[in-house]
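Enquirer: Structure provided below as C-alpha cells; questions to follow.
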Amino acid sequence: MLAAERRDYLLERLARDGKLVARDLAEELGLSEDSVRRDLRELSAAGLVQRVYGGALPVSPAVGDLTVRGGLSIAAKERIARVAVDLVRPGCTVILDGGTTTLAVCAALPLTLEATVVTHSPTIASALLAHTGIDVVLIGGRLFRHSGVAMGAAAAEFAQGISADLFLLGVTGVHVDAGLTTGDADEAAMKRLLAGRAGETWVLASSEKVGAASPFRVVPLPSIAGVITDAEAGSPAIAALVERGVTVLHA
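Residue numbering for the sequence shown follows the working numbering, starting at 9 and increasing by one per position.
Put into C-alpha cells, the structure is as follows:
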C-alpha cells in the first residue's frame with residue numbers, strides 16, 4: 009500500500025471508528041508503529057486529525073475565530089439555547105462562557121428573567137443589556153481576540169471569588185476518550201477555573217463538535233452535569249458518551 013493510499017485508509021478508518029490506535033494499525037497493516045505515527049503526524053500537520061497519545065482522534069471543525077464560528081450551525085445553536093435556558097432558574101447565578109452558542113442563549117433568555125450572569129465575554133455582556141432584570145458581572149483581563157474573552161492573571165484572580173449555581177460551557181470538542189477540549193491552552197485553563205466555581209457545568213455542543221477533539225483538555229467528562237447537543241441520539245459518538253454515564257439532553 010502506497011503512503012498516500014495508507015493515509016486515505018487511515019482517514020476512512022477514523023471516520024468509521026472515531027479513533028485511531030497506532031499499535032493496532034501497525035499490526036493490521038504489517039508496518040512499524042513508527043511508520044504509522046509518521047502518517048499520523050503528516051495528517052495532523054495537514055489539519056486532518058487530532059494527535060493524541062497512542063493514536064489520533066477526529067479534529068474539531070469549530071476552531072475558527074468568533075466571526076467564522078458565528079456562521080456555523082446557526083439553527084442548531086438556537087435549538088441548543090432553547091434547551092439550555094430551561095436550566096437557568098429565577099434568582100440563580102449563572103456563568104456564561106464566551107462563544108456563539110452562549111450568545112444564542114442570551115437571545116433565548118426571557119426579558120423578564122431576574123438572575124445574575126457572570127461572564128468573561130464583553131460580547132455576552134453587551135447582548136444582555138436589554139435584560140433589565142439580569143445583573144451582569146463582567147470579568148476583566150487581557151482580551152483573547154480569537155474568542156473575544158478576557159483571560160490572564162487578572163481574570164483568573166477575579167474568577168476565584170465567584171460562586172455560581174450553573175456554568176454553561178462552550179468547547180470545540182466533546183469526545184468519550186479525550187473529554188472536553190478546546191484549541192488554546194490559556195482558554196482551556198480559564199474554562200476549567202470557571203467550571204470549578206459553579207455547582208453544575210453543562211456543555212453546549214453542536215453536532216460537529218461531538219466525537220471530535222482539540223489539543224487542550226478543559227475538564228474530564230465525569231466532572232460535568234451533562235451535554236446539550238443537536239447530535240443524533242443514535243450516533244456512535246452519543247452512544248459512547250451515554251455508555252460512559254454522561255447525561256445528554258437533545259435539542
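Glycine included, every Cβ here is placed at the ideal spot set by N, Cα and C.
(1) For the alpha helix (DSSP H) containing residue 42, list its first residue and its last residue.
(2) Take residue 124 as the anchor and find which of 113, 118, 256, 141 has the nearest alpha-carbon.
(3) Which parts of the segment 177-256 are runs of the beta strand (DSSP E), unbroken and 3 residues or longer, counting only runs that do not cross its ends?
(4) Which stretch, first to last residue, makes up the beta strand (DSSP E) that contains residue 150?
(5) What is the rounded straight-line gap between the Cα of residue 114 and the Cα of residue 136?
(6) Taking 8 angstroms as the cut-off, does the segment 185-200 touch the segment 145-157 (at least 3 CB pairs, one atom from each stretch)?
(7) On the DSSP letters alone, give me the boundaries of the alpha helix (DSSP H) that residue 104 sits inside.
(8) Alpha carbon to alpha carbon, how far is residue 37 from residue 17? Give it in angstroms, no decimals.
(9) Using CA coordinates, which residue listed in 83, 89, 122 is at the minimum distance from residue 211?
(10) Please list, in chain order, all residues of the same chain as residue 146 whose beta carbon is under 6 angstroms from its beta carbon, the five residues on each side excluded.
(11) On a CA-only basis, which of 27, 26, 44, 32 is nearest residue 13? Give me that one, please.
(12) In the DSSP assignment, find the beta strand (DSSP E) that holds residue 142 and state where it starts and stops.
(13) With H, G and I counted as helix, E and B as strand and the rest as coil, what does DSSP make of residue 97?
(14) Here's the rule: buried if 16 or more other CB atoms are within 10 angstroms of the residue's CB, otherwise exposed. What is residue 58?
(15) In the DSSP assignment, find the alpha helix (DSSP H) that holds residue 113 and state where it starts and stops.
(16) Is there contact between the segment 100-108 and the segment 236-256, where contact requires at least three CB pairs shorter than 8 angstroms?
(17) Within 10 Å of its beta-carbon, does residue 99 have 16 or more other beta-carbons around it, so buried, or fewer, so exposed?
(18) Can you name the residues that DSSP bridges to residue 66?
(19) Using a Cβ-Cβ cut-off of 8 angstroms (strictly less than) and excluding sequence neighbours within five positions of residue 138, which residues of its own chain qualify?
(20) Based on the DSSP output, what are the partners of residue 258 in its beta bridges?
Expert: Answer, in terms of the structure:
(1) Reading the sequence shown from its first residue, position 34 is the one you call residue 42. From DSSP, the alpha helix (DSSP H) with residue 42 extends over 41-53.
(2) Counting from one through the sequence shown, the residue named residue 124 turns up at place 116. Selected option, being the one with the closest Cα: 141.
(3) Within the segment 177-256, the complete beta strand (DSSP E) runs of at least 3 residues fall at 181-183, 187-190, 206-213, 224-227, 234-237.
(4) Taking the first residue of the sequence shown as position 1, residue 150 is located at position 142. Membership of residue 150 in the beta strand (DSSP E) is indicated by the continuous run 150-152.
(5) If you number the sequence shown from 1, residue 114 lands on position 106. If you number the sequence shown from 1, residue 136 lands on position 128. The straight-line gap from Cα to Cα measures roughly 6 angstroms.
(6) Yes, since at least three Cβ pairs between the segment 145-157 and the segment 185-200 fall closer than 8 angstroms, the two stretches touch.
(7) Here residue 104 corresponds to residue number 96 of the sequence shown, with the count starting at 1. Element bounds for residue 104: not the alpha helix (DSSP H) but the beta strand (DSSP E), 101-104.
(8) Taking the first residue of the sequence shown as position 1, residue 17 is located at position 9. Taking the first residue of the sequence shown as position 1, residue 37 is located at position 29. Straight across, the Cα-Cα distance linking residue 17 with residue 37 is about 10 angstroms.
(9) Along the sequence shown, one-based indexing puts residue 211 at 203. Measuring from the Cα of residue 211, the nearest candidate turns out to be 89.
(10) Sequence index remark: in the sequence shown, residue 146 carries index 138 (1-based). Non-local beta-carbon contacts of residue 146 in its own chain, meaning distances under 6 angstroms to residues more than five positions away in sequence, involve 133 in chain order.
(11) The count along the sequence shown starts at 1 and reaches residue 13 at position 5. Taking only the C-alpha atoms, the option nearest residue 13 is 44.
(12) On the sequence shown, position 134 is the one that residue 142 refers to. Bounds of the beta strand (DSSP E) holding residue 142 are 142-146.
(13) Numbered from 1 along the sequence shown, position 89 holds the residue referred to as residue 97. Residue state, collapsed to three classes: coil.
(14) Within the sequence shown, the letter at position 50 stands for residue 58. Residue environment for residue 58: buried (at least 16 other C-beta atoms within 10 angstroms of its C-beta).
(15) Taking the sequence shown and counting its residues from 1, one reaches residue 113 at position 105. Here the alpha helix (DSSP H) through residue 113 covers 108-116.
(16) Counting Cβ pairs under 8 angstroms, fewer than three are found: no touch.
(17) The residue labelled residue 99 in the question sits at position 91 within the sequence shown. Residue 99 should be labelled exposed.
(18) Residue 66 sits at position 58 when you count from the first residue of the sequence shown. Residue 66 is bridged to 57.
(19) Indexing the sequence shown from 1 puts residue 138 at position 130. Result list for residue 138: 119, in chain order.
(20) Indexing the sequence shown from 1 puts residue 258 at position 250. DSSP lists 237 as the bridge partner or partners of residue 258.
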